[in-house]
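First the structure, in the form of structure tokens, and then the observations on it.
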Amino acid sequence: MTLWETMAAEIHEGAVPSYYREIHEAVHCRTDERVQVEVFQRLLQRTDLSKAVLAQIAEHVDSTDGFLSKLSFYKALALIALAQQGKQPSTKLLENCIQELPKPQLGEPKELSALRMQPTQEDALMISYTLDKLLALDTVQVELIPEKKGLFLKHVEYQVTSERYKISVYRRYSDFDVFHEVLLQRFSYRVVPALPPKRMLKGVLTSVSEREFIEGRRRALGRFINLVARHPVFSEDELVKTFLTFSGSDVQTKLRDAYKKTGDEFMTNRVATQAKDFLPADIQAQFSTSREMIRNIHNSFHKLRDRAEKMAERSKENATDLLMFGKELSTLGSDTSTLPSLASSLNSWGKLRQSLKSLSVEFAVLSEKAAQQVNIPLSHHHHHHHLLRRAVLVQTWQYWVINVVLPISSGQPGRG
């Protein structure tokens, strides 16, 4: 028989303090006497105990299948009371006070019934999507329109096709720019992906490098819109739907009008109105840890980007070498010089020339593929770098809201 089973035999309903029974009555499931783990975790958050102590209490509590039995819940209340007295919560200490269970400081039992009615914290603040579900939200293709548009000022136009909405629309880079701008305004506390640059320095690009830049920007815009369209919150917003489906002549005005109707997410989101209720007791420590972790990841991506750039340069040289190799093979294969009779009787040079010429085509294809693939890892690194920078900014905004905005809105002086 385990220690818990021994203690269970010693605990009798009549010997349990009435406060224990009242709390249990306030928070247990409506269908039976068990207490949901989520409800118990919310109860722990009211104790103002450190995260380490809360973890110790949870470790000593039997929560089979996501529930606590009535006796396990009583033991948890006793452990909370011992911890609030400054003692180390343990089964041995609990065994010593089994005859007279201490009273925890958790407020009025009738006020605790609201814990049972609250939505689960994990459901409200954490995404429940798997990667496959996120990828299934939408797939957006961004294709380049071959001819530049505009009478005087030529510009590039893209065909944007959403698999979710089964529609294709035409967008300029400036449309993406306005879309990105209103996303930042509406979701100022979320990590909005960055856009690729509009243009390179004037006069720097050659005709070849300009084509490479436009193609690279097309791929980057595709990654941007797919990240947005597959975001669990962005994907359901009216701004995203407008950008992917509006086929009128002025999508930029339509986007700005849509933002004016919805406004800042923080002012309307149901979770935002209860933000203080979701903050753990050790929020300051968690923010410090998160900022340090993001800083370390950011530094690592800097180093990865530097290495990727060097790899890209070497790969470009390899692509050039493959192309030149193919050209030399083509030169050999295209040689039409007549062989002297002495060398032509038993010579297969004619067949070899044909083979060399066909090989030159293969090397040209390899060179083209190498040139296309070389910038993909590098561009992904740049994109993650932008996301990390945005994450740092969002962390700063969240810190400011928690320490300044929320205290002021509740009539308390801010801490920042």
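To convert, take the position in the sequence shown, counting from 1, and add 5; that gives my numbering.
For each residue, glycine too, the CB sits at the ideal point set by N, CA and C.
Three-state secondary structure (DSSP) at residue i?
i: residue 52; result: coil
i: residue 25; result: helix
i: residue 95; result: coil
i: residue 90; result: coil
i: residue 251; result: coil
i: residue 413; result: Note that residue 413 scores 43 on pLDDT, short of 50, meaning its location in the model is unreliable and no value can be drawn from it.
i: residue 276; result: coil
i: residue 40; result: strand
i: residue 124; result: Note that residue 124 scores a pLDDT of 46, beneath 50, so its modelled location is shaky and nothing firm can be said.
i: residue 73; result: strand
i: residue 339; result: coil
i: residue 258; result: helix
i: residue 286; result: coil
i: residue 20; result: helix
i: residue 473; result: Lying outside 6 to 421, the shown extent of the chain, residue 473 is not represented and no answer is given.
i: residue 240; result: helix
i: residue 269; result: coil
i: residue 351; result: Below a pLDDT of 50, predicted positions are generally treated as unreliable, and residue 351, at 49, falls in that range; the measurement from the model is reported next regardless. If DSSP states are grouped into helix, strand and coil, residue 351 belongs with coil.
Please go through the same chain and pick out, in chain order, the residues whose beta-carbon is closer than 7 Å to the beta-carbon of residue i, but skip the five residues on each side of it.
i: residue 330; result: 368
i: residue 232; result: 198
i: residue 20; result: none
i: residue 200; result: 181, 182, 185 and 229
Can you list, in chain order, the residues of its chain whose CB lies under 6 Å from that of residue i, leaving out five sequence neighbours each side?
i: residue 124; result: At residue 124, the pLDDT of 46 sits below 50, so the modelled position is not reliable; the number obtained from the coordinates is stated separately. None.
i: residue 230; result: 145
i: residue 256; result: 180
i: residue 189; result: 197
i: residue 34; result: none
Measure the CB-CB distance between residue i and residue j and report whether it falls below 8 Å.
i: residue 32; j: residue 106; result: no
i: residue 80; j: residue 99; result: yes
i: residue 177; j: residue 165; result: no
i: residue 263; j: residue 243; result: yes
i: residue 82; j: residue 109; result: yes
i: residue 174; j: residue 77; result: no
i: residue 187; j: residue 260; result: yes
i: residue 161; j: residue 227; result: no
i: residue 225; j: residue 143; result: no
i: residue 238; j: residue 191; result: no
i: residue 71; j: residue 41; result: yes
i: residue 43; j: residue 114; result: no
Once you ignore the five residues that flank residue i on each side, which residues in its own chain have a CB closer than 8 Å to its CB?
i: residue 49; result: 59, 62, 63 and 85
i: residue 220; result: 149
i: residue 89; result: 52, 54, 109 and 110
i: residue 56; result: 285, 286, 287 and 290
i: residue 269; result: 190, 191 and 193
i: residue 92; result: 98
Exposed or buried, residue i, counting other C-beta atoms within 10 Å across all chains shown (16 or more means buried)?
i: residue 236; result: buried
i: residue 94; result: buried
i: residue 350; result: At residue 350 the pLDDT is 48, less than 50, meaning the model places this residue with poor confidence and gives no usable figure here.
i: residue 29; result: buried
i: residue 25; result: buried
i: residue 370; result: exposed
i: residue 141; result: exposed
i: residue 151; result: exposed
i: residue 39; result: buried
i: residue 202; result: exposed
i: residue 136; result: exposed
i: residue 357; result: exposed
i: residue 222; result: buried
i: residue 23; result: exposed
i: residue 372; result: buried
Fully enclosed by the region 137 to 210, which alpha helix (DSSP H) runs are 4 residues long or longer?
178 to 191
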